[in-house]
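Under the working numbering, the first residue of the sequence shown is numbered 4, with each subsequent residue one higher. Glycine residues also receive a C-beta, built at the ideal position from the N, C-alpha and C atoms. Input: a single structure, listed below in structure tokens.
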Amino acid sequence: MITPSPLRRGLFTLCLLSLGACGPAPEPGSEADDGAEENRSSGRAGFADLGAASQGYAHASPATELQFPADHGPHPDFRIEWWYLTANLEDKHGEPLGMQWTLFRQAQQPKAPDAPASGTEAVDQANTAPWAAEQLWMAHMALSRGEHHRVAERFARGASKPLMRAAQQAGVTARPFRAWLDDWRLESLITNPGDDALNHLMLTAQAEDEKGAFGYQLELEADGPLVRHGINGFSQKSADGQGSMYYSQPFYRVSGEVWLNDERVAVSGRAWLDREWSSQLLSAGQTGWDWFSLHLDSGARLMAFRLRGGGANHDDYLSGSWITPDGEVTPLNADAFTLMPQAFATASGHRVPVRWRLTLPEQSLELEITARHANRWMNTSVPYWEGAVSVTDAVSGAPRGQGYLEMTGY
Numbered sequence: 004m005i006t007p008s009p010l011r012r013g014l015f016t017l018c019l020l021s022l023g024a025c026g027p028a029p030e031p032g033s034e035a036d037d038g039a040e041e042n043r044s045s046g047r048a049g050f051a052d053l054g055a056a057s058q059g060y061a062h063a064s065p066a067t068e069l070q071f072p073a074d075h076g077p078h079p080d081f082r083i084e085w086w087y088l089t090a091n092l093e094d095k096h097g098e099p100l101g102m103q104w105t106l107f108r109q110a111q112q113p114k115a116p117d118a119p120a121s122g123t124e125a126v127d128q129a130n131t132a133p134w135a136a137e138q139l140w141m142a143h144m145a146l147s148r149g150e151h152h153r154v155a156e157r158f159a160r161g162a163s164k165p166l167m168r169a170a171q172q173a174g175v176t177a178r179p180f181r182a183w184l185d186d187w188r189l190e191s192l193i194t195n196p197g198d199d200a201l202n203h204l205m206l207t208a209q210a211e212d213e214k215g216a217f218g219y220q221l222e223l224e225a226d227g228p229l230v231r232h233g234i235n236g237f238s239q240k241s242a243d244g245q246g247s248m249y250y251s252q253p254f255y256r257v258s259g260e261v262w263l264n265d266e267r268v269a270v271s272g273r274a275w276l277d278r279e280w281s282s283q284l285l286s287a288g289q290t291g292w293d294w295f296s297l298h299l300d301s302g303a304r305l306m307a308f309r310l311r312g313g314g315a316n317h318d319d320y321l322s323g324s325w326i327t328p329d330g331e332v333t334p335l336n337a338d339a340f341t342l343m344p345q346a347f348a349t350a351s352g353h354r355v356p357v358r359w360r361l362t363l364p365e366q367s368l369e370l371e372i373t374a375r376h377a378n379r380w381m382n383t384s385v386p387y388w389e390g391a392v393s394v395t396d397a398v399s400g401a402p403r404g405q406g407y408l409e410m411t412g413y
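This is the structure in structure tokens:
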């Protein structure tokens with residue numbers, strides 16, 4: 004196992020939290036400096052500075068058309084990006100387990116206005132320093148069962164020189180699809196060039212901490228189509244118009260094995276992959292989000308999020324997608340559903356909502372969403388809560404499904 008050094012981890016965290024501090028400072032009096040000054044004067048720039056000024060980067064837009072398989076790969080002209088996989092698993096006895104694996108990419112600085120497109124020979128020649136790196140990478144993995152919640156984090160730099168890129172420590176390729184950091188990897192098993200590369204994947208990751216080794220090897224096969232969120236893949240995140248390009252593959256069936264506490268366990272279940280990239284994900288006043296991905300027993304799927312702050316009247320900003328069993332999508336705005344916390348608990352010293360009420364009048368649904376365990380805090384460089392949830396009918400208590408919940412900014 005490769006463990007990041009404290010220096011390497013610290014440098015990456017500084018870059019990640021500042022989202023651009025590793026790049027050059029804006030010129031005094033410039034448009035970029037005006038935006039930076041606005042963020043400084045307000046004392047905040049959204050959760051983890053994801054609402055910071057982003058001049059010079061490409062921006063997500065409703066006019067952008069998603070292109071596959073190219074969009075399965077990286078978008079280096081955007082500031083931030085992730086490949087985000089969660090799964091609700093169970094063993095042969097029906098005991099539930101939860102799994103997360105995420106690869107994050109962050110650009111260190113926007114390319115110069117007159118620079119060629121990323122990846123061209125001219126850019127490669129310009130980055131002649133042996134340690135030149137345009138991108139930083141971070142990966143998280145988590146495995147949960149009962150009271151056990153194991154978490155690991157790794158970091159890497161993206162190499163710029165051609166001779167280094169072939170063996171770089173982390174990266175993503177669209178064709179053939181492969182996402183990796185060290186020996187953590189998510190790879191396509193598709194052999195027919197006419198099939199989508201994400202339809203059949205293999206995920207492998209393992210780590211070790213003071214409690215021993217843990218990890219998983221899981222095969223994922225999709226039985227439904229890719230899903231575009233928002234307006235043809237543009238997902239708005241605030242009343243001011245900030246947003247991301249966002250699509251998902253929510254139809255995975257999973258099989259494989261996990262190892263935890265010196266035990267290897269065969270598992271099966273359902274998984275959800277999110278793909279998202281942006282240069283300014285939030286508005287400056289948004290303090291965090293509560294994001295749900297739900298597999299309902301009816302065969303429908305639901306993605307919903309609440310961004311705290313950023314609404315038209317400084318209230319919360321709500322958005323989501325209702326997905327039928329055959330993959331048809333209905334965008335959900337704040338008039339289409341309500342999402343309210345009902346109960347709180349303490350996780351690693353943080354008070355977080357662990358039970359929610361979600362109503363969908365058009366679908367005649369009133370759901371109770373409950374975290375299976377409160378202690379799912381991800382004590383990573385940018386800490387957050389991530390864990391499996393159970394879905395029941397809010398009136399009768401009957402089971403309605405399962406899924407995952409992510410909460411940031413608590």
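- Spatial neighbours of R304 in its own chain (CB-CB distance under 7 Å, excluding positions within 5 residues in sequence) are listed in chain order as P253, L297, H298, I326.
- A155 is the residue among M141, A155, R278, S351 whose C-alpha sits nearest the C-alpha of G215.
- Residue pairing for P334: DSSP places it in a beta bridge opposite S324.
- By the 16-neighbour rule on beta-carbons within 10 angstroms, T333 is exposed.
- In terms of CA proximity to W140, Q172 leads the group E150, Q172, R148.
- Here the C-alpha atom of T362 lies approximately 21 Å from the C-alpha atom of S238.
- By the Cβ rule, the region 140-149 counts as touching the region 101-116, because three or more pairs are nearer than 8 Å.
- For L139, the three-state secondary structure derived from DSSP is strand.
- Taking the Cα positions, L221 is about 44 Å away from N316.
- R256 and R267 do not touch by the CB rule: their CB atoms are close to 20 Å apart, not below 8 Å.
- Of the residues assessed, M306 falls on the buried side of the cut-off, its CB having 16 or more other CB atoms within 10 angstroms.
- Using a Cβ-Cβ distance cut-off of 8 Å, the region 376-393 and the region 281-288 are not in contact, since fewer than three pairs of beta carbons, one from each stretch, lie closer than that value.
- Here DSSP, grouped into helix, strand and coil, assigns A374 to strand.
- For E409, the uninterrupted beta strand (DSSP E) run begins and ends at 402-410, by DSSP.
- Just so you know, the alpha carbons of L408 and W294 end up roughly 6 Å apart.
- Under the three-state reduction of DSSP output, E365 falls in the helix class.
- For L342, the closest alpha carbon among the candidates T349, R354, S322 is that of S322.
- Shown here, H62 sits in coil according to DSSP, grouped into three states, outside any helix or strand.
- Taking the Cα of R188 as reference, the smallest distance to any Cα among E211, G400, V175 is reached at V175.
- Rounded to whole angstroms, the separation of the alpha carbons of W85 and R278 is 6 Å.
- Within 10 angstroms of the beta-carbon of P77 lie 16 or more other beta-carbons, which makes it buried.
- Taking the Cβ atoms as the reference, W275 lies roughly 6 Å from S251, within the contact range of under 8 Å.
- In the DSSP annotation of this structure, the continuous segment of the beta strand (DSSP E) that includes A159 starts and ends at 151-161.
- In this structure, the beta-carbon distance from G291 to R311 falls below 7 Å.
- Selection M410, K240, S367 evaluated against Y387 yields M410 as nearest (Cα-Cα).
- With respect to the C-alpha of H152, the residue from A177, S351, R178, P344 having the closest C-alpha is S351.
- When secondary structure is reduced to three states using DSSP, L201 falls in the helix class.
- The alpha carbon of Q289 has as its nearest neighbour, out of G302, Q245, V261, the alpha carbon of Q245.
- At least 7 Å separates the beta-carbon of A225 from that of L106.
- Annotation for A397: no beta strand (DSSP E) segment contains it, and DSSP assigns it neither H nor E.
- For A269 against D396, the beta-carbon gap comes to about 31 Å, at or over 8 Å, which does not count as contact.
- Under the DSSP assignment, Y250 falls in the beta strand (DSSP E) whose first and last residues are 246-263.
- Assigned with DSSP and collapsed to three states, D293 falls in strand.
- When DSSP states are grouped into helix, strand and coil, D212 belongs to the strand group.
- E369 and V394 have their alpha carbons spaced roughly 10 Å apart.
- Taken through DSSP and simplified to helix, strand or coil, H75 comes out as helix.
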